[in-house]
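Undergrad: Numbering (the working numbering), first residue to last: 95 to 183. We treat Cβ as the ideally placed atom computed from N, Cα and C, and that holds for glycine. Every value quoted in this text rests on a predicted model; they were computed, and no experiment measured them.
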């Protein structure tokens, strides 16, 4: 059951991150889900130990976990845009 929540929340976080980074027109729902989940994993490995807040991949659906996962998704989209276009935006 946790995986279903991670997929749904990852899709929503990926969509919000794509709106923040202005890449929503280029992505579909599958890529939004992937960006949300991979961004949450990225945040779980890098940001969570630094800040002491878990990500959604650990099964914690608190506000802090959602914000950390959103930051990870935005960072992931910034990295993808940097390699794709040569600039962050």
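1) The alpha helix (DSSP H) spanning residue 99 covers which residue range?
2) Can you tell me whether residue 156 is buried or exposed, with buried defined as 16 or more other CB within 10 angstroms of its CB?
3) Hey, how far is the Cα of residue 152 from the Cα of residue 179?
4) On a CA-only basis, which of 159, 177 and 108 is nearest residue 133? Give me that one, please.
5) Give me the residue from 129, 165, 146 and 113 with the minimum Cα distance to residue 137.
TA: Taking the structure as given:
1) 96 to 114
2) exposed
3) 33 Å
4) 108
5) 165
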